[in-house]
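Asker: The structure follows.
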Amino acid sequence: MPTSRAPQISQHDHVTLVQLGDEYKNLDEHSLEDISTLLLDLAKSIDPPLMVLDLSHTKFFGSAFIELMFRTWNKIKVRDGGKFSISGLSKTCREVVDVTHIDRLWPVFETSEEAIESLRNET
Numbered sequence: 002m003p004t005s006r007a008p009q010i011s012q013h014d015h016v017t018l019v020q021l022g023d024e025y026k027n028l029d030e031h032s033l034e035d036i037s038t039l040l041l042d043l044a045k046s047i048d049p050p051l052m053v054l055d056l057s058h059t060k061f062f063g064s065a066f067i068e069l070m071f072r073t074w075n076k077i078k079v080r081d082g083g084k085f086s087i088s089g090l091s092k093t094c095r096e097v098v099d100v101t102h103i104d105r106l107w108p109v110f111e112t113s114e115e116a117i118e119s120l121r122n123e124t
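Now the structure itself:
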């Protein structure tokens, strides 16, 4: 069942931060309807194309969310200077990232502040 609340989106030193709140605790394929379009549209439109996805409130995500992150990253990376990172992973989510090796695609940070600082320094 989709949630009714959108993620928080803010700009920090030219980096777009997308924060998923408590209502995104479990990101399975049924809960992605309301954020899929948002993330993909942001990936095409943010300027500069620098995005941090903060998953501090997320306790579980499945393959459908991994696919959504991959699609978002693909739209960002084709743009000049495009960078994508994730932050705030729970222990369970970190295990998923480690097992799937997606940390080889995108930098993973403990906090969104660290992620923003890293992307800002790469530009």
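Add 1 to a position in the sequence shown, counting from 1, and you land on the number used in the working numbering.
From the three backbone atoms N, C-alpha and C, an ideal C-beta is built for every residue, glycine too.
(1) Leaving out five residues before and five after K45 in sequence, what residues of the same chain have Cβ atoms less than 6 Å from its Cβ?
(2) How is T4 classed by DSSP in three states: helix, strand or coil?
(3) What is the DSSP secondary structure of T101, counted as helix, strand or coil?
(4) When the Cα atoms are used, what is the spatial distance from H15 to R121?
(5) In chain order, what residues of the same chain have a beta carbon less than 6 Å from the beta carbon of S113, not counting five sequence neighbours either side?
Answerer: This is what the structure holds:
(1) K76.
(2) Here the model assigns T4 a pLDDT of 43, short of 50, so the residue's position is not dependable and the matter cannot be decided.
(3) Here T101 sits in helix by DSSP.
(4) Distance between the alpha carbons of H15 and R121 is about 7 Å.
(5) If we look at S113 and ignore the five residues flanking it on each side, its Cβ neighbours are L18, V53, D55 and S88.
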